[in-house]
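Numbering (the working numbering), first residue to last: 47 to 333.
For every residue, glycine included, the Cβ atom is placed at its ideal position computed from N, Cα and C.
What follows is the structure in C-alpha coordinates.
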(Lines of atoms letter the chains of each structure in order from A and count residues from 1; the text may use other names and numbers.)
(Lines give C-alpha, C1' and ligand atoms only; values in the text may rest on other atoms or scores of the structure.)
Protein backbone atom coordinates (compact mmCIF):
# COMPACT_ATOMS: atom_id res chain seq x y z
CA UNK A 1 0.00 0.00 0.00
CA UNK A 2 2.80 2.39 0.92
CA UNK A 3 4.54 1.52 -2.33
CA UNK A 4 1.44 2.49 -4.32
CA UNK A 5 1.17 5.76 -2.43
CA UNK A 6 4.81 6.57 -3.10
CA UNK A 7 4.43 5.71 -6.79
CA UNK A 8 1.29 7.84 -6.99
CA UNK A 9 3.11 10.72 -5.35
CA UNK A 10 5.99 10.45 -7.83
CA UNK A 11 3.59 10.44 -10.79
CA UNK A 12 1.68 13.41 -9.38
CA UNK A 13 4.95 15.27 -8.85
CA UNK A 14 6.04 14.62 -12.43
CA UNK A 15 2.67 15.81 -13.73
CA UNK A 16 3.01 19.01 -11.73
CA UNK A 17 6.55 19.59 -13.01
CA UNK A 18 5.44 19.11 -16.62
CA UNK A 19 2.47 21.42 -16.11
CA UNK A 20 4.63 24.08 -14.45
CA UNK A 21 7.20 23.89 -17.25
CA UNK A 22 4.48 24.15 -19.89
CA UNK A 23 2.99 27.23 -18.23
CA UNK A 24 6.41 28.79 -17.77
CA UNK A 25 7.34 28.30 -21.40
CA UNK A 26 3.96 29.35 -22.75
CA UNK A 27 4.02 32.59 -20.77
CA UNK A 28 7.74 33.12 -21.24
CA UNK A 29 8.44 33.32 -17.52
CA UNK A 30 11.05 30.55 -17.69
CA UNK A 31 12.41 31.34 -21.15
CA UNK A 32 15.82 33.06 -21.31
CA UNK A 33 15.79 36.14 -23.55
CA UNK A 34 18.65 37.40 -25.67
CA UNK A 35 19.32 40.28 -28.08
CA UNK A 36 18.44 39.52 -31.71
CA UNK A 37 22.12 39.78 -32.69
CA UNK A 38 23.00 37.01 -30.23
CA UNK A 39 20.34 34.65 -31.57
CA UNK A 40 21.37 35.49 -35.13
CA UNK A 41 25.00 34.60 -34.39
CA UNK A 42 23.80 31.26 -32.97
CA UNK A 43 21.62 30.33 -35.95
CA UNK A 44 23.50 31.90 -38.85
CA UNK A 45 26.20 29.21 -39.28
CA UNK A 46 23.49 26.58 -39.84
CA UNK A 47 21.51 28.49 -42.48
CA UNK A 48 21.21 26.69 -45.82
CA UNK A 49 20.51 28.98 -48.80
CA UNK A 50 19.33 27.33 -52.02
CA UNK A 51 18.96 29.38 -55.21
CA UNK A 52 17.72 28.52 -58.71
CA UNK A 53 20.27 27.24 -61.23
CA UNK A 54 19.04 29.71 -63.81
CA UNK A 55 18.22 33.39 -63.70
CA UNK A 56 19.74 36.28 -61.86
CA UNK A 57 18.80 37.32 -58.37
CA UNK A 58 17.52 38.67 -56.25
CA UNK A 59 14.91 35.92 -56.10
CA UNK A 60 11.64 35.62 -54.25
CA UNK A 61 12.61 33.67 -51.17
CA UNK A 62 10.92 31.32 -48.72
CA UNK A 63 12.09 30.59 -45.19
CA UNK A 64 11.82 26.86 -44.46
CA UNK A 65 11.15 25.66 -40.90
CA UNK A 66 11.22 22.00 -39.94
CA UNK A 67 9.05 19.93 -37.67
CA UNK A 68 9.85 19.26 -34.02
CA UNK A 69 12.39 16.56 -34.91
CA UNK A 70 14.63 19.06 -36.68
CA UNK A 71 15.57 19.45 -40.35
CA UNK A 72 14.91 16.29 -42.35
CA UNK A 73 14.76 15.34 -46.02
CA UNK A 74 11.44 17.10 -46.61
CA UNK A 75 13.08 20.52 -46.21
CA UNK A 76 15.56 19.60 -48.94
CA UNK A 77 12.67 18.33 -51.09
CA UNK A 78 10.89 21.67 -50.74
CA UNK A 79 14.10 23.63 -51.34
CA UNK A 80 14.74 21.82 -54.62
CA UNK A 81 11.13 22.16 -55.79
CA UNK A 82 11.23 25.87 -55.03
CA UNK A 83 14.52 26.29 -56.89
CA UNK A 84 13.04 24.56 -59.94
CA UNK A 85 10.11 26.98 -59.73
CA UNK A 86 12.44 30.00 -59.68
CA UNK A 87 12.49 30.54 -55.91
CA UNK A 88 15.32 30.78 -53.44
CA UNK A 89 14.90 29.29 -49.98
CA UNK A 90 16.60 29.66 -46.63
CA UNK A 91 16.39 26.60 -44.37
CA UNK A 92 16.53 27.60 -40.71
CA UNK A 93 17.84 24.95 -38.29
CA UNK A 94 16.41 25.67 -34.84
CA UNK A 95 17.67 22.40 -33.35
CA UNK A 96 21.32 21.74 -34.20
CA UNK A 97 22.71 25.06 -32.95
CA UNK A 98 20.93 24.48 -29.62
CA UNK A 99 22.16 20.91 -29.29
CA UNK A 100 18.66 19.49 -29.54
CA UNK A 101 19.90 16.65 -31.75
CA UNK A 102 21.82 15.18 -28.81
CA UNK A 103 20.24 12.39 -26.73
CA UNK A 104 17.04 12.86 -28.75
CA UNK A 105 16.26 16.11 -26.97
CA UNK A 106 14.07 16.92 -29.97
CA UNK A 107 11.45 14.66 -28.38
CA UNK A 108 11.03 17.27 -25.64
CA UNK A 109 10.41 19.85 -28.38
CA UNK A 110 7.68 17.60 -29.77
CA UNK A 111 6.19 17.29 -26.29
CA UNK A 112 6.07 21.07 -25.85
CA UNK A 113 8.66 21.04 -23.06
CA UNK A 114 11.42 22.76 -25.06
CA UNK A 115 11.32 25.49 -27.70
CA UNK A 116 7.60 26.20 -28.08
CA UNK A 117 6.21 27.87 -31.18
CA UNK A 118 6.24 31.25 -29.45
CA UNK A 119 9.92 30.78 -28.62
CA UNK A 120 10.77 29.66 -32.13
CA UNK A 121 9.05 32.75 -33.51
CA UNK A 122 12.25 34.51 -32.46
CA UNK A 123 14.17 32.35 -34.94
CA UNK A 124 11.84 33.56 -37.69
CA UNK A 125 12.37 37.18 -36.68
CA UNK A 126 16.16 37.03 -36.87
CA UNK A 127 16.22 34.78 -39.94
CA UNK A 128 14.02 37.23 -41.83
CA UNK A 129 16.33 40.07 -40.83
CA UNK A 130 19.35 38.07 -41.96
CA UNK A 131 17.67 37.02 -45.23
CA UNK A 132 16.80 40.60 -46.11
CA UNK A 133 20.52 41.41 -46.04
CA UNK A 134 21.46 38.62 -48.49
CA UNK A 135 22.07 39.82 -52.07
CA UNK A 136 20.33 36.74 -53.54
CA UNK A 137 17.12 37.54 -51.66
CA UNK A 138 14.38 39.89 -52.84
CA UNK A 139 13.38 41.42 -49.50
CA UNK A 140 10.06 42.59 -50.95
CA UNK A 141 8.96 39.05 -51.89
CA UNK A 142 9.27 36.75 -48.90
CA UNK A 143 7.28 33.71 -47.82
CA UNK A 144 7.20 31.51 -44.73
CA UNK A 145 6.91 27.72 -45.06
CA UNK A 146 6.68 25.54 -41.97
CA UNK A 147 6.10 21.84 -41.36
CA UNK A 148 4.32 20.78 -38.16
CA UNK A 149 6.14 22.56 -35.30
CA UNK A 150 7.55 24.98 -37.88
CA UNK A 151 4.02 25.80 -38.99
CA UNK A 152 3.06 26.42 -35.36
CA UNK A 153 6.02 28.82 -35.06
CA UNK A 154 4.86 30.70 -38.15
CA UNK A 155 1.33 31.07 -36.79
CA UNK A 156 2.77 32.36 -33.52
CA UNK A 157 4.97 34.78 -35.44
CA UNK A 158 2.03 36.19 -37.42
CA UNK A 159 -0.06 36.61 -34.28
CA UNK A 160 2.73 38.07 -32.16
CA UNK A 161 3.84 40.50 -34.86
CA UNK A 162 0.31 41.81 -35.35
CA UNK A 163 -0.35 42.09 -31.61
CA UNK A 164 2.90 43.84 -30.77
CA UNK A 165 4.31 40.97 -28.71
CA UNK A 166 8.04 40.27 -28.96
CA UNK A 167 8.90 36.56 -29.45
CA UNK A 168 9.67 34.94 -26.13
CA UNK A 169 13.38 34.33 -26.78
CA UNK A 170 14.16 37.95 -27.73
CA UNK A 171 14.68 41.16 -25.79
CA UNK A 172 13.26 43.10 -28.74
CA UNK A 173 12.56 42.92 -32.45
CA UNK A 174 15.57 43.06 -34.81
CA UNK A 175 16.44 46.55 -36.00
CA UNK A 176 15.28 47.57 -39.45
CA UNK A 177 12.03 46.76 -41.24
CA UNK A 178 8.87 45.87 -39.36
CA UNK A 179 8.44 42.15 -38.59
CA UNK A 180 6.16 41.43 -41.56
CA UNK A 181 7.66 43.82 -44.13
CA UNK A 182 8.05 41.96 -47.39
CA UNK A 183 6.34 38.82 -46.08
CA UNK A 184 3.60 38.14 -48.58
CA UNK A 185 2.50 34.55 -48.01
CA UNK A 186 2.62 31.64 -45.55
CA UNK A 187 2.38 27.94 -46.36
CA UNK A 188 1.63 25.66 -43.41
CA UNK A 189 2.10 21.90 -43.60
CA UNK A 190 0.10 19.96 -40.97
CA UNK A 191 0.82 22.57 -38.23
CA UNK A 192 -0.17 22.49 -34.59
CA UNK A 193 -3.19 24.76 -34.03
CA UNK A 194 -4.25 23.59 -30.57
CA UNK A 195 -4.87 25.40 -27.31
CA UNK A 196 -1.27 26.46 -26.75
CA UNK A 197 -1.28 28.38 -30.03
CA UNK A 198 -1.87 32.12 -29.71
CA UNK A 199 -3.17 32.16 -33.27
CA UNK A 200 -5.86 29.68 -32.27
CA UNK A 201 -7.13 32.17 -29.67
CA UNK A 202 -6.58 35.61 -31.17
CA UNK A 203 -5.60 35.10 -34.82
CA UNK A 204 -3.68 37.70 -36.77
CA UNK A 205 -4.50 40.89 -38.68
CA UNK A 206 -2.23 41.16 -41.73
CA UNK A 207 -4.03 40.12 -44.90
CA UNK A 208 -1.32 37.94 -46.41
CA UNK A 209 -2.43 34.76 -48.20
CA UNK A 210 -2.15 31.63 -46.06
CA UNK A 211 -2.49 28.04 -47.26
CA UNK A 212 -2.95 25.09 -44.89
CA UNK A 213 -2.07 21.63 -46.27
CA UNK A 214 -3.45 19.15 -43.76
CA UNK A 215 -3.79 15.40 -43.16
CA UNK A 216 -7.25 14.03 -42.46
CA UNK A 217 -7.39 12.32 -39.08
CA UNK A 218 -3.94 13.59 -38.12
CA UNK A 219 -3.00 11.76 -34.91
CA UNK A 220 -0.06 14.05 -34.08
CA UNK A 221 -1.49 17.52 -34.73
CA UNK A 222 -5.21 17.30 -35.38
CA UNK A 223 -6.33 19.11 -38.48
CA UNK A 224 -9.65 20.12 -36.89
CA UNK A 225 -8.37 23.11 -34.87
CA UNK A 226 -6.54 24.35 -37.98
CA UNK A 227 -9.72 24.16 -40.02
CA UNK A 228 -11.53 26.08 -37.28
CA UNK A 229 -8.82 28.76 -37.20
CA UNK A 230 -8.82 29.00 -41.00
CA UNK A 231 -12.61 29.31 -41.16
CA UNK A 232 -12.67 31.97 -38.45
CA UNK A 233 -9.96 34.08 -40.06
CA UNK A 234 -11.59 33.70 -43.48
CA UNK A 235 -14.86 35.00 -42.04
CA UNK A 236 -12.92 38.05 -40.89
CA UNK A 237 -11.91 38.67 -44.49
CA UNK A 238 -8.36 37.29 -44.47
CA UNK A 239 -7.21 35.34 -47.57
CA UNK A 240 -7.07 31.81 -46.15
CA UNK A 241 -7.22 28.54 -48.09
CA UNK A 242 -7.07 24.92 -46.94
CA UNK A 243 -6.61 21.52 -48.50
CA UNK A 244 -7.01 18.25 -46.61
CA UNK A 245 -5.41 15.04 -47.86
CA UNK A 246 -7.21 11.81 -47.06
CA UNK A 247 -5.47 8.50 -46.44
CA UNK A 248 -2.17 9.99 -45.28
CA UNK A 249 -0.44 10.66 -41.97
CA UNK A 250 1.24 13.58 -40.29
CA UNK A 251 4.57 14.24 -42.02
CA UNK A 252 3.38 12.79 -45.32
CA UNK A 253 6.24 14.50 -47.23
CA UNK A 254 9.06 13.25 -44.97
CA UNK A 255 10.91 10.01 -45.66
CA UNK A 256 13.23 10.12 -42.64
CA UNK A 257 11.32 8.84 -39.63
CA UNK A 258 12.21 8.07 -36.05
CA UNK A 259 12.57 4.37 -35.18
CA UNK A 260 9.22 2.67 -34.56
CA UNK A 261 7.36 5.65 -36.03
CA UNK A 262 3.86 4.84 -37.27
CA UNK A 263 3.94 7.74 -39.73
CA UNK A 264 4.29 7.15 -43.44
CA UNK A 265 5.74 8.77 -46.53
CA UNK A 266 3.34 9.35 -49.42
CA UNK A 267 5.20 10.31 -52.62
CA UNK A 268 2.11 11.04 -54.73
CA UNK A 269 0.66 13.35 -52.11
CA UNK A 270 4.08 14.94 -51.62
CA UNK A 271 4.24 15.69 -55.35
CA UNK A 272 0.77 17.23 -55.22
CA UNK A 273 1.68 19.31 -52.17
CA UNK A 274 4.83 20.60 -53.87
CA UNK A 275 2.89 21.56 -57.00
CA UNK A 276 0.03 23.04 -55.02
CA UNK A 277 2.39 24.93 -52.72
CA UNK A 278 4.59 26.45 -55.45
CA UNK A 279 1.50 27.43 -57.47
CA UNK A 280 0.08 29.12 -54.37
CA UNK A 281 3.30 31.09 -53.86
CA UNK A 282 3.39 32.15 -57.49
CA UNK A 283 -0.20 33.38 -57.27
CA UNK A 284 0.48 35.20 -54.02
CA UNK A 285 3.82 36.72 -54.88
CA UNK A 286 4.91 35.84 -58.40
CA UNK A 287 8.43 35.41 -59.72
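Boundaries of the alpha helix (DSSP H) harbouring residue 322: 313–330, taken from the DSSP string. Straight-line measurement puts the Cα of residue 155 at about 6 Å from the Cα of residue 161. DSSP places residue 291 in the uninterrupted beta strand (DSSP E) bounded by 286–291. Straight across, the Cα-Cα distance linking residue 200 with residue 192 is about 7 Å.
In this structure, the alpha-carbon of residue 158 lies about 23 Å from that of residue 119.
DSSP, read as helix, strand or coil, puts residue 246 in helix. If you compare the alpha carbons of 174, 246, 319 with that of residue 273, the shortest gap goes to 246.
Within a 10 Å sphere around the beta-carbon of residue 102 sit fewer than 16 other beta-carbons, which makes this residue exposed. Counting only unbroken stretches of 3 or more residues, the beta strand (DSSP E) elements lying wholly within the region 112–190 are 134–138, in sequence order.
Each residue's CA atom was taken as its position, placing residue 217 and residue 190 some 23 Å apart. The three-state reading of DSSP puts residue 229 in strand, counting E and B together. A contact between stretches requires three or more CB pairs, one per stretch, nearer than 8 Å, and the region 280–297 meets this requirement with the region 249–261.
Per DSSP, reduced to three states, the secondary structure at residue 271 is helical.
Distance from the CA of residue 165 to the CA of residue 75, rounded to the nearest whole angstrom, comes to 11 Å. Residue 280 and residue 288 have their C-alpha atoms some 10 Å from each other. Distance between residue 99 and residue 196, taken at the CA atoms: about 27 Å.
In this structure, the CA atom of residue 261 is about 28 Å from the CA atom of residue 213. Rounded to whole angstroms, the separation of the alpha carbons of residue 244 and residue 206 is 8 Å.
For residue 207, the enclosing alpha helix (DSSP H) begins and ends at 195–208.
In this structure, residue 86 sits near residue 176, with a CB-CB distance shorter than 8 Å.
For residue 332 and residue 110, the gap between their C-alpha atoms comes out near 18 Å. Across the set 230, 202, 168, the C-alpha of 230 shows the shortest separation from the C-alpha of residue 185. Residue 94 carries a strand assignment under DSSP once its states are collapsed to helix, strand and coil. If you draw a straight line from the Cα of residue 239 to the Cα of residue 267, it comes to about 7 Å.
Annotation for residue 85: the continuous alpha helix (DSSP H) segment containing it runs 82–89.
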